[in-house]
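Structure record follows, encoded as structure tokens.
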Amino acid sequence: MVFATTYRLLTYPSLSWSLVGSYAPTGGRQAHTASLLSDGRMVILGGMNLTTYIYPFSEVLVFDTNSGRWSTINALLSNGAPVARLSHVAVTSRRPGEIVLVHIIAHDDKIIIQGGDLGSVVGVSGVGDIAMLDMKVSNMSWYVPTTTGPTPSQRFAHSAVMVGTVAFILFGQLNNNTLDNNIYALDTATWTWLQTYNPSHLEYTKTGNIINIIQNPNSTAPKLPVPAYIPTYTPTYTPAYTSTYTSTYTPKDTIIGIVSGGVALLLIAAICFIVYKRRETRRAAAAADAAAATNAALFPEIPPIPTKYENNPQRYSSYSAYSWTSNTTVPPDMS
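Anchor point for the sequence shown: position 2 equals 21 in our numbering, and the numbering is continuous, going up by one each time.
As structure tokens, then:
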């Protein structure tokens, strides 16, 4: 099952989720990326739907968090690149001087994607290319730069974060049996994979004012823009199609999550069962003790009545002589 709904998470002063906007016009998808621009637009790229269709990067799905409306923009590919994929990463750049809410931001509203899984269409486990899309121009087109330096291996299901003008690529899955725990740094100003990182252009990634505003509501720091459109209703939009196809494709990272979650659930269930059995044993023992006490009070124990068939009859230390009475004068024969 895949979903086509969007939720907003309010993190201050408390955590709360709320439904935002209607269903996505292209239906639900999975293993895609969502990048937030400086003007409040969220850009959805790539991913796969329920029928294993992988969305091309020429189709740019945009959700405006200010109006709650969806739109689709066409972007020109660069000689067919980037190819459609899922489980890739995307970082967004933002102009300096703005307060940042998410951690994948830098300086000028350009989206950079890297890696991903081509899925069952091509049968390749992962890719390692770089592509960039400028969201500020009217006629959008993808740019595929040529990078220098030691390039990381092809990967998917990894993470990325933008700091200044450097995009950090973190971890990921290289194939069905190999995971990577390394971190790679790409200087997006020169398109060079770095071997040594020196922090620079950190003014493009401001986050300090967020803490100041939370700790001091009377702070003179610029306030965070609040989207004007924050609905909490249930959308009534009905998709134009209803898919009855059940996909047999499962991303590798999803399998890992399912196995981990299943093990955790089994462990919790086992603990609950053990606790339940112990409580039941204690209750049964307490009930048995109470019943025994009640029976003892109502039916006291009666000592047994001795009979003539006892195994150990009473013994006497001496016996009296036989006596007899008779009219005869002859005593009985005592032999």
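The C-beta atom is built at its ideal place from N, Cα and C for all residues, glycine as well.
| Query | Result |
| --- | --- |
| Do three or more CB pairs link the segment 180 to 192 to the segment 60 to 68 at distances below 8 Å? | no |
| Relative to the alpha-carbon of Tyr216, which residue among Tyr203, Trp210, Glu222 has its alpha-carbon at the smallest distance? | Tyr203 |
| Just to confirm, are Gly135 and Ser178 a CB contact at a threshold of 8 Å? | no |
| Decide if Asp308 is buried, meaning its Cβ has at least 16 other Cβ atoms within 10 Å, or exposed. | exposed |
| Under a three-way DSSP split, which group does Val108 fall into? | strand |
| Which whole-angstrom value is the C-beta distance of Thr91 and Leu80, which I expect to be below 8 Å? | 6 Å |
| With DSSP as the reference, label Asp199 as helix, strand or coil. | coil |
| Enumerate in chain order the residues of its own chain whose CB-to-CB distance from Thr167 is below 6 Å, with the five nearest sequence positions on each side excluded. | Thr211 |
| Can you round the beta-carbon distance between Val108 and Thr52 to whole angstroms, since I take them to be within the 8 Å contact cut? | 7 Å |
| Could you check if Ser178 belongs to the surroundings of the ligand COA, using beta carbon to heavy atom distance under 7 Å? | This structure simply doesn't include the ligand COA, nor any ligand for that matter. |
| Check Arg27 in the structure and name its three-state DSSP category. | strand |
| Please report the distance separating the alpha-carbon of Pro101 from that of Leu286. | 43 Å |
| Do you know offhand how far Lys155's Cα is from Ile131's? | 14 Å |
| Once you ignore the five residues that flank Thr25 on each side, which residues in its own chain have a CB closer than 7 Å to its CB? | Val39, Gly40, Phe82 |
| Report, in whole angstroms, the separation of the C-beta atoms of Met151 and Pro164, which I expect to be a contact under 8 Å. | 7 Å |
| What does the alpha-carbon distance come out to for the pair Ala305 and Lys296? | 14 Å |
| If you measure between the beta carbons of Ser172 and Gly147, is that distance less than 8 Å? | yes |
| Could you pull the start and end residues of the beta strand (DSSP E) that Gly87 belongs to? | No beta strand (DSSP E) holds Gly87; DSSP gives it neither H nor E. |
| Kindly list the residues whose CB is nearer than 6 Å to the CB of Leu29, restricted to its own chain and excluding five residues on each side of it in sequence; keep chain order. | Ser35 |
| Could you check whether Gly87 and Tyr355 sit closer than 8 Å to each other, using their CB atoms as the reference points? | The structure shown does not extend to residue 355, since the chain is modelled only from 20 to 354, so the question has no answer here. |
| Residue range of the beta strand (DSSP E) that Arg60 falls in? | 60 to 64 |
| In the DSSP assignment, the beta strand (DSSP E) including Thr211 goes from what residue to what residue? | 211 to 213 |
| By DSSP, does Lys296 sit in helix, in strand, or in coil? | helix |
| If I follow the unbroken beta strand (DSSP E) through Ser97, where does it start and stop? | Here Ser97 belongs to no beta strand (DSSP E), and DSSP marks it neither H nor E. |
| Take Tyr162 and list the residues in its own chain whose beta-carbon comes closer than 6 Å to its own, dropping the five residues that flank it on each side. | Met151 |
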